[in-house]
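In our numbering, the protein residues as written are 23 to 220. Glycine included, each C-beta is placed from N, C-alpha and C at the ideal position.
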Amino acid sequence: MLEFDFDLNDLCSKTDEELVSLAKTDKAAASVILSRYSKLILIKSKIYANSDTDSEDLHQEGLMSLLKAINAYDPSMGAKFSTFAEKCVVNRMKTVSARMGRSCSEVNRIDEDEAADVLSVEETPESIFLYKEFLDELLGSIDSLLSDAELRAFRLCMSGMTYKQAAKKLGVTEKSVDNAMQRARRKIRALYKKRMEN
Numbered sequence: 023m024l025e026f027d028f029d030l031n032d033l034c035s036k037t038d039e040e041l042v043s044l045a046k047t048d049k050a051a052a053s054v055i056l057s058r059y060s061k062l063i064l065i066k067s068k069i070y071a072n073s074d075t076d077s078e079d080l081h082q083e084g085l086m087s088l089l090k091a092i093n094a095y096d097p098s099m100g101a102k103f104s105t106f107a108e109k110c111v112v113n114r115m116k117t118v119s120a121r122m123g124r125s126c127s128e129v130n131r132i133d134e135d136e137a138a139d140v141l142s143v144e145e146t147p148e149s150i151f152l153y154k155e156f157l158d159e160l161l162g163s164i165d166s167l168l169s170d171a172e173l174r175a176f177r178l179c180m181s182g183m184t185y186k187q188a189a190k191k192l193g194v195t196e197k198s199v200d201n202a203m204q205r206a207r208r209k210i211r212a213l214y215k216k217r218m219e220n
């Protein structure tokens with residue numbers, strides 16, 4: 023039986039907005055959000071992907087954009103977190119799809135049975151625990167995984183800054199931030215793929 027070092031029932035009973043507030047300092051709360059939105063990310067990655075490899079890349083990008091959404095969400099703007107998070111995930115996937123040479127009009131249509139299968143998967147303590155493990159591993163290894171420039175750019179961009187804002191803060195060009203983020207994404211994607219293979 024799995025043992026948790028957090029009160030799963032308490033976290034699962036919270037609204038998304040309450041979890042987001044906690045997730046800024048509590049990895050367990052972030053794990054619950056990742057688990058809740060994993061179905062959305064999976065469906066969207068299948069919609070915007072050309073192949074299984076593209077789907078995996080888009081899934082990883084979706085997870086990263088969800089983490090960014092957690093950090094950037096501002097409830098005073100009037101939007102629900104679910105609306106904000108979906109917009110962040112979809113926009114990122116569209117951007118990545120465009121870089122892969124696809125137009126947004128070329129999105130895949132997944133059939134209703136496939137979508138129903140994905141949506142019927144329940145949020146379980148195990149799935150939350152696995153996301154928490156992945157998040158712990160990612161956050162624990164990011165300092166050693168990324169170079170100093172990549173780490174600084176990654177942290178600023180994940181906190182909600184644009185590349186332009188991060189470039190100004192770091193005193194570098196926007197292209198330097200973009201290059202650092204591309205390298206960081208490749209390294210994080212490799213870590214993610216390795217984790218998913220195990």
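Enclosing alpha helix (DSSP H) for residue i [first to last residue]
i: Ile44; result: For clarity, residue 44 is Leu in the given sequence; the question names Ile instead. Taken as a continuous stretch (DSSP letters only), the alpha helix (DSSP H) holding Leu44 covers Asp38 to Ala45.
i: Met115; result: Phe103 to Arg121
i: Leu56; result: Lys49 to Tyr70
i: Tyr95; result: Tyr95 -> no alpha helix (DSSP H), and no H or E assigned at all.
i: Leu178; result: Asp170 to Met180
Cβ distance (whole Å) where residue i is taken to contact residue j below 8 Å
i: Ile55; j: Leu41; result: 5 Å
i: Asp170; j: Tyr185; result: Actually they are not in contact, since the Cβ atoms of Asp170 and Tyr185 sit about 18 Å apart, beyond 8 Å.
i: Ile92; j: Ala120; result: The pair is not a contact, with the Cβ atoms about 24 Å apart (cut-off 8 Å).
i: Leu17; j: Met180; result: Residue 17 lies beyond the range of the chain shown here (23 to 220); nothing can be said about it.
i: Lys197; j: Leu178; result: Not a contact, Cβ separation roughly 15 Å.
i: Asp165; j: Lys49; result: Their Cβ separation, rounded to whole angstroms, is 15 Å, which puts Asp165 and Lys49 out of contact at 8 Å.
Classification of residue i by the beta-carbon crowding that lies within 10 angstroms, buried from 16 upward
i: Asp76; result: buried
i: Met99; result: exposed
i: Glu155; result: exposed
i: Gln204; result: exposed
i: Lys10; result: Within the shown structure, residues of the chain are numbered from 23 to 220, placing residue 10 beyond reach of any answer.
i: Asp38; result: buried
i: Asp32; result: exposed
i: Glu128; result: The predicted model places Glu128 with a pLDDT of 43, which falls under 50 and marks its position as unreliable, so this point remains unresolved.
i: Ser35; result: exposed
i: Ala45; result: buried
i: Ser163; result: exposed
i: Ala101; result: exposed
i: Lys109; result: exposed
Cβ-Cβ distance between residue i and residue j below 7 Å
i: Leu80; j: Ala94; result: no
i: Ala202; j: Glu172; result: yes
i: Leu167; j: Lys209; result: yes
i: Ala206; j: Ala188; result: no
i: Glu83; j: Arg114; result: yes
i: Ser87; j: Val118; result: no
Within-7 Å CB hit, residue i to chain C
i: Met99; result: This model lacks chain C altogether; it includes just one protein chain.
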